[in-house]
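Some notes on the structure that comes next.
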Amino acid sequence: MAKPKVKKDESATAAEPASDVVMDEAPTSHQPENDDNMSVDPNENGEEGEEGDEIEDEEEEEEEVQRVRLLPGSTPTAASFEFLNEGHTLGNALRPDVEFCAYAIPHPSENKMNVRIQTFEGTTAIEALQKGLRDLQELCDVVTDKFIDARERFVAASAS
Amino acid sequence: MPHKPPTKEELERRKIVGIHEETVTNVSANDFPMTYPGEDHSWDIEAFKRNFRIEFHQNDPFEASFSLIGCDASIANAFRRIMIADIPTLAVETVFINNNTSVIQDEVLAHRLGLIPFKGGREGLHKFLKWWRRPSDESQINNSYYDFNTVLLRLEVRCEHNEDAAPGETDPTKLYKHAHVYARDIEFCPVGRQSRYFSGDDAIAPVNPDILIAKLRPGQEISLTIHMHKGVGSDHAKFSPVATASYRLMPVIQIERPILGADAEKFARCFPRGVIGLEPVTKEEASREGSGYEGHEGELKAVVVDPMRDTVSRECLRHEEFKGKVKLGRRRDHFIFLVESTGQWESDAIFLEAVAHLKKRAQDLEKQVVNMVR
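Order-wise, the sequence lines are chains E and A.
Quick note on UniProt numbering: the first sequence kicks off at 1 and runs consecutively.
Quick note on UniProt numbering: the second sequence kicks off at 1 and runs consecutively.
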C-alpha cells in the first residue's frame, strides 16, 4: 500500500535548516518556476506555533491547540507542514498519493515532525495531505474489521 | 512494446526479500506509483480490502500472535509503536515515603514500585479513570487528586523476630516475620466511586503477587503511600501495556532442487525443529522426467513444513552440499506480530486499541489541517 516515493532522509537535507525552506532549489518537473503564493499565509508563528492560532474543537473539555502549520515557502502543489507532537509513528504511516512525499524529524529533542508534499497538477498539497489522513482512517476500519473476524474464526476453530 | 500486466509469479517474487549468505537483496517496498511503467499501484481502499488478511496463531490474555498479511511496513510499524508507547495504563507514579529503614534506598525503592504491573477492573481502568495533570500552580497540587485520576495504595511492613521459630533456624523467612516484602503486601485503598469499579476480583492489585520488593531484618520498616496515575509508554516504560510488541517477516524457504537421503536429514537439522520435514519420494515423482527424483523412489526428501517457525539463521547456506538447492527469503508484506500484555489489557485488545488510536490521530489531524487552511 505504500504509495509515493518515500525518501525519508532527503527531506531533511532538501528542507534546509529549520526556519526557512529554500524553494528555488525545488528540482521537480511538475512544480512551477514562479512562486504563486498560497491562499494560506505561511504564518510565522513567533512562539513556535504553540498555543495561539485558532482554537476549535469542543470535543474534550480542553481547548484544542493548533498543532499543524504550513511552513514558509509553500506553493499550492508543493508544501511543507509542521506537526507538533507527532513522530515516526504517524510520519511513516502517512502516505498520500503524490509526486513526492517525505517526512523528517528535524531534531529528536523537539516534538516536531515536518512533512513535505509535492503533488501533480490538479490537486494541492493540502488536499493530498487530507486524503492521506482520510485513507489512513479507512485503512484502520478495515484492519479492525478483519482483526475481529480473524479472532472470531480463531476462537471458533480452537473451540471445536 | 505494450505493457504486460505482471504475472502472479512476478507479483509474488516482488514481495520476497532475498536472504543470501552475507547479503540481503530486494529490500524495499515497490508497490507504489511510478515504480513499474504502466502499473498503477496507487492507494485503493477496495484493493486493500481484497488483499489484506489477518490470521491468528495464538490468542491468550498474556500473549497473542497473529499475522497481518498484505500491508506496508509503515502501517505495521505504526501499530507496533503505538502499542508500545501510546496505549495508556495505570502505574505507580508518586511514592510518599513515611519511613524506610530498609537497606534499599528511597529512590531505588520508588523506582522498583513503579515497575510493578498492576491489574484491575477493565471498565474502571479504561473508561472511568482519566488523566491526572500536574497543576501549573504547584500550590494547588493537593486539589488535583480525584477518585477518577488517582489510585491510592499503601505499603506498611515491619519486620520482627518470629517467636515461634524453631531453635537453630537459619532461614530468614522463618526466623523473622516479613523478612521479604512482596508485591502482594501492597494494599489498595479505594476512594469515592473507585469501590464501584474496583472491588472483589476487579480490585487494583499487582498482576504477579510474588514480585519481591525488598528484604528486611528485625526492626526495619517500610511505610509508604503511593499514588497511581494513568500514563503512556512514551513518557515512561512502566506505562507501556506490553512486555513486548514486535513483528518479524514471514520466512520463505524454497527448495529449488531435490535434497535427498542423508543430506535431507542434515538439511532438516540446519533449521529449528518442525520447519523441515522428511517425506519419501513418491512413485509419481520418481517417474517424472527431469524432476531430479528419477530412480530415488522411497528415499527421503526434504520438504518445507512450517517456515513460520524458522529463525532464518542461514545455517543451510554454509554447507557445500546445499549450494544452489535452496533459496531463503522473507515475505515483505507478511508481519507476524507477537504481543505480550503486562496484564492491564487483553493482548488482542491492545492491538485493537492501537488501530483505534491511529484512526483517532488521523482524524484529529485532518481536523487540524482543515482548521489550518481556514
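By construction, the Cβ of each residue, glycine as well, lies at the ideal position given by its N, Cα and C atoms.
Whole-angstrom distance between residue j and residue i, CA atom to CA atom
| i | j | result |
| --- | --- | --- |
| residue 382 of chain A | LYS323 of chain A | Residue 382 of chain A lies beyond the range of chain A shown here (1 to 374); nothing can be said about it. |
| SER102 of chain A | THR150 of chain A | 27 Å |
| LEU129 of chain E | GLU123 of chain A | 36 Å |
| ASP348 of chain A | ASP201 of chain A | 21 Å |
| residue 375 of chain A | LYS15 of chain A | The requested residue 375 of chain A is not part of the displayed model; chain A covers only 1 to 374. |
| VAL17 of chain A | SER109 of chain E | 34 Å |
| VAL232 of chain A | ILE141 of chain A | 21 Å |
| CYS316 of chain A | PHE267 of chain A | 7 Å |
| LEU153 of chain A | GLU107 of chain A | 17 Å |
| GLU187 of chain A | ALA205 of chain A | 8 Å |
| ASP141 of chain E | ASP185 of chain A | 43 Å |
| HIS161 of chain A | LEU109 of chain A | 23 Å |
| THR35 of chain A | ASP333 of chain A | 17 Å |
| VAL355 of chain A | PHE79 of chain A | 6 Å |
| ALA166 of chain A | PHE198 of chain A | 41 Å |
| ILE45 of chain A | LEU139 of chain E | 7 Å |
| LEU133 of chain E | PRO37 of chain A | 27 Å |
| GLY292 of chain A | ARG361 of chain A | 56 Å |
| ILE75 of chain A | LEU352 of chain A | 14 Å |
| HIS236 of chain A | LYS359 of chain A | 23 Å |
| ILE19 of chain A | GLY329 of chain A | 5 Å |
| SER313 of chain A | VAL326 of chain A | 14 Å |
| TYR145 of chain A | VAL191 of chain A | 11 Å |
| TYR182 of chain A | GLU55 of chain A | 39 Å |
| ALA262 of chain A | GLU285 of chain A | 19 Å |
8 Å Cβ shell around residue i - same chain, five flanking residues per side excluded
| i | result |
| --- | --- |
| THR282 of chain A | GLU297 |
| GLU39 of chain A | HIS3, PRO5 and PRO6 |
| ALA179 of chain A | CYS159, PRO172, THR173, LYS215, LEU216 and ARG217 |
| SER234 of chain A | ALA85 and ASP86 |
| PHE147 of chain E | none |
Residues of its chain near residue i, where Cβ-Cβ distance is below 6 Å and the 5 sequence neighbours each way are ignored
| i | result |
| --- | --- |
| LYS230 of chain A | PRO88, LEU90, LEU129 and TRP131 |
| GLU156 of chain A | SER223 |
| SER65 of chain A | HIS57, GLN58 and LEU338 |
| ILE208 of chain A | According to the sequence displayed, residue 208 of chain A carries Asn and not Ile. Answer for ASN208 of chain A: no residue qualifies. |
| ASN98 of chain A | SER223 |
| GLU221 of chain A | ASN99, THR101 and ARG158 |
| PHE239 of chain A | THR89, ALA91, GLY231, VAL232 and GLY233 |
| ILE226 of chain A | VAL92, VAL95 and LEU153 |
Partner residues on chain C for residue i, Cβ-Cβ distance less than 9 Å
| i | result |
| --- | --- |
| LEU70 of chain E | In the structure shown, chain C does not exist; the protein chains are E and A. |
Under 8 Å from the C-beta of residue i: neighbouring residues of chain A
| i | result |
| --- | --- |
| ALA150 of chain E | ARG53, ILE54, GLU55, PHE56 and PHE66 |
| HIS107 of chain E | The premise fails here: HIS107 of chain E is roughly 17 Å from chain A at the closest Cβ pair, so nothing lies under 8 Å. |
| PHE100 of chain E | Going along chain A, no residue has its Cβ under 8 Å from PHE100 of chain E, so there is no contact; the nearest lies around 10 Å. |
Neighbouring residues, chain A, relative to residue i (Cβ below 9 Å)
| i | result |
| --- | --- |
| THR144 of chain E | LEU352, VAL355, ALA356 and LYS359 |
Which residues DSSP lists as bridging residue i, in chain order
| i | result |
| --- | --- |
| HIS41 of chain A | The partner list for HIS41 of chain A (beta bridge, DSSP) is empty, contrary to what the question assumes. |
| GLY324 of chain A | Answer is none; GLY324 of chain A lacks a bridge partner. |
| TYR103 of chain E | E:VAL115 |
| ARG330 of chain A | A:VAL17 and A:PRO251 |
| LEU278 of chain A | A:ALA302 |
| GLN58 of chain A | A:SER65 |
| TYR176 of chain A | A:HIS161 |
| CYS189 of chain A | A:LEU152 |
| ARG69 of chain E | E:GLU82 |
| ALA260 of chain A | Reading the sequence as shown, one finds Leu at residue 260 of chain A and not Ala. According to DSSP, which records beta bridges pairwise, LEU260 of chain A is partnered with A:LYS301. |
| VAL95 of chain A | A:ILE226 |
| PHE118 of chain A | A:PRO206 |
Amino acids of chain E, ordered along the chain, whose beta-carbon sits closer than 7 Å to that of residue i
| i | result |
| --- | --- |
| TRP131 of chain A | The contacting residues do not exist; TRP131 of chain A stays about 10 Å from chain E at best. |
| GLN363 of chain A | GLN137 |
| ASP348 of chain A | ARG151 |
Chain-ordered chain E contacts of residue i [CB-CB under 9 Å]
| i | result |
| --- | --- |
| ALA59 of chain A | The amino acid occupying residue 59 of chain A in the given sequence is Asn; Ala does not appear at that position. Correct list: ARG151, PHE154, VAL155 and SER158. |
| VAL369 of chain A | VAL68, PHE81, ILE126, LEU129, GLN130 and LEU133 |
| GLN220 of chain A | What GLN220 of chain A touches in chain E: nothing, since even the nearest Cβ is about 42 Å away. |
Beta-carbon contacts of residue i that lie in its chain and below 7 Å, excluding the five residues immediately before and after
| i | result |
| --- | --- |
| ARG248 of chain A | ILE336 |
| VAL143 of chain E | none |
| ASN30 of chain A | ARG14 |
| ASP306 of chain A | GLY274 and VAL275 |
| ALA264 of chain A | LEU278, LEU300, LYS301 and ALA302 |
| ARG67 of chain E | PHE83, LEU84 and ASN85 |
| GLU10 of chain A | none |
| LYS119 of chain A | ALA205, VAL207, GLY343 and GLN344 |
| CYS189 of chain A | LEU152, LEU153 and ARG154 |
Partner residues on chain E for residue i, Cβ-Cβ distance less than 8 Å
| i | result |
| --- | --- |
| ILE45 of chain A | ASP135, GLU138, LEU139 and VAL142 |
| GLU366 of chain A | GLN130, LEU133, ARG134 and GLN137 |
| PHE188 of chain A | None at all; the shortest Cβ gap to chain E is about 28 Å. |
Exercise. Along the region 114-139 of chain E, what residues have a CB closer than 9 Å to any CB found in chain A?
Worked result: Taking 9 Å as the Cβ-Cβ cut-off against chain A, the residues of the region 114-139 of chain E that qualify are ILE126, LEU129, GLN130, LYS131, GLY132, LEU133, ARG134, ASP135, LEU136, GLN137, GLU138 and LEU139.
Exercise. Along the region 142-176 of chain A, what residues have a CB closer than 7 Å to any CB found in chain E?
Worked result: So nothing in the stretch comes that close.
Problem set entry | Proximal residues, the region 258-285 of chain A versus chain E, C-beta separation under 9 Å | Against chain E - using a Cβ distance shorter than 9 Å - the region 258-285 of chain A contributes no residues.
Exercise. Which residues, in order along the region 86-101 of chain A, keep a beta-carbon less than 8 Å from a beta-carbon of chain E?
Worked result: Taking 8 Å as the upper bound on Cβ-Cβ separation, chain E lies near residues ASP86 of the region 86-101 of chain A.
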